[in-house]
Amino acid sequence: MKHIDLITSLWGDHHVGLFLNLTLPAMLSPGNLPALQGRGRLVIMTTPEDAATIGNHPAIAMARQSVEVLIGAHKIEIEDKYAHRYGIQAYLNKAGMSVSLTAGHMSSVFAGDMIFADGYCRALANWADEGKRLVLGIGLRAGLESAGQELAALA
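All letters in the sequence shown, in the order written, are residues 14 to 168 by my numbering.
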């Protein structure tokens, strides 16, 4: 039974808020993080400024009931973090994958505003058992799709 790391990178109030209030609650559905109990880890790469906000959020406490949560804080020495966001995201995702692959875990990288369908993590477990080592998570993105506003209104 191979361990699975779900890896994301995020920073800034907007993206941290989307992750904590939309993405993470969807990840807490029965077919997601709870389905990985004993073999899953949530790896969140962020800035030191956002690490405490993320770590102290009630949804993180709920996630810790199912999986290990690792919050990696990396200082970013760029004045305009928005203009260089893709480079920063690549840097943080690479740091998360390094942690995962060094541990011999399957890595699944996803956008911090991706909305997980119930059962997504169960599917990852099946792929890990088949020997897959890396999966890129693609799905509805709350920060890019109009659904994000509609989902936020329901929260």
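From the three backbone atoms N, C-alpha and C, an ideal C-beta is built for every residue, glycine too. Because the structure is a prediction, the values reported are computed rather than measured.
Beta carbon of residue i nearer than 8 Å to that of residue j
| i | j | result |
| --- | --- | --- |
| alanine 76 | arginine 135 | no |
| serine 121 | isoleucine 57 | no |
| methionine 14 | phenylalanine 129 | no |
Proximity winner among the options, relative to residue i (alpha-carbon distances)
| i | options | result |
| --- | --- | --- |
| tryptophan 24 | Glu143, Leu105, Ser111 | Leu105 |
| glycine 132 | Gly44, Thr36, Ile73, His28 | Gly44 |
| alanine 166 | Met127, Leu31, Ile89, Lys88 | Leu31 |
| glycine 51 | His118, Met127, Gly85 | His118 |
| asparagine 34 | Leu55, Ala124, Ala72, Lys15 | Ala72 |
| valine 82 | Gly100, Ile20, Asp142, Met14 | Ile20 |
| aspartate 126 | Arg154, Leu41, Ser79, Tyr99 | Arg154 |
| isoleucine 89 | Trp140, Leu46, Ile101 | Ile101 |
| threonine 115 | Ala124, Arg146, Gln78, Phe123 | Arg146 |
| glutamine 78 | Lys107, Met110, Ser42 | Ser42 |
| leucine 55 | Asn69, Val80, Ala108 | Val80 |
Residues near residue i by beta carbon distance below 8 Å, same chain, minus five either side
| i | result |
| --- | --- |
| threonine 59 | Ser22, Leu23, Trp24, Val29, Ile67, Ile84, Gly85, Ala86, His87, Leu105 |
| leucine 137 | Ile17, Leu19, Leu49, Met119, Ser121, Val148 |
| alanine 103 | none |
Residue i classed as buried or exposed, judged by whether at least 16 other C-beta atoms fall within 10 angstroms
| i | result |
| --- | --- |
| glycine 53 | buried |
| alanine 141 | buried |
| alanine 74 | exposed |
| glycine 109 | buried |
| serine 113 | buried |
Same chain, Cβ closer than 6 Å to residue i, five either side skipped, listed in chain order
| i | result |
| --- | --- |
| phenylalanine 123 | Thr21, Gly150 |
| asparagine 69 | none |
Check: residue i C-beta below 7 Å from any heavy atom of the ligand NAP
| i | result |
| --- | --- |
| alanine 72 | The ligand content of the structure shown is nil, which means the ligand NAP is not present either. |
Same chain only: Cβ atoms within 7 Å of residue i, ignoring 5 sequence neighbours per side
| i | result |
| --- | --- |
| proline 38 | Ala72 |
* Would you check if there are 3 or more beta carbon pairs closer than 8 Å linking the region 55-68 to the region 142-152? => no
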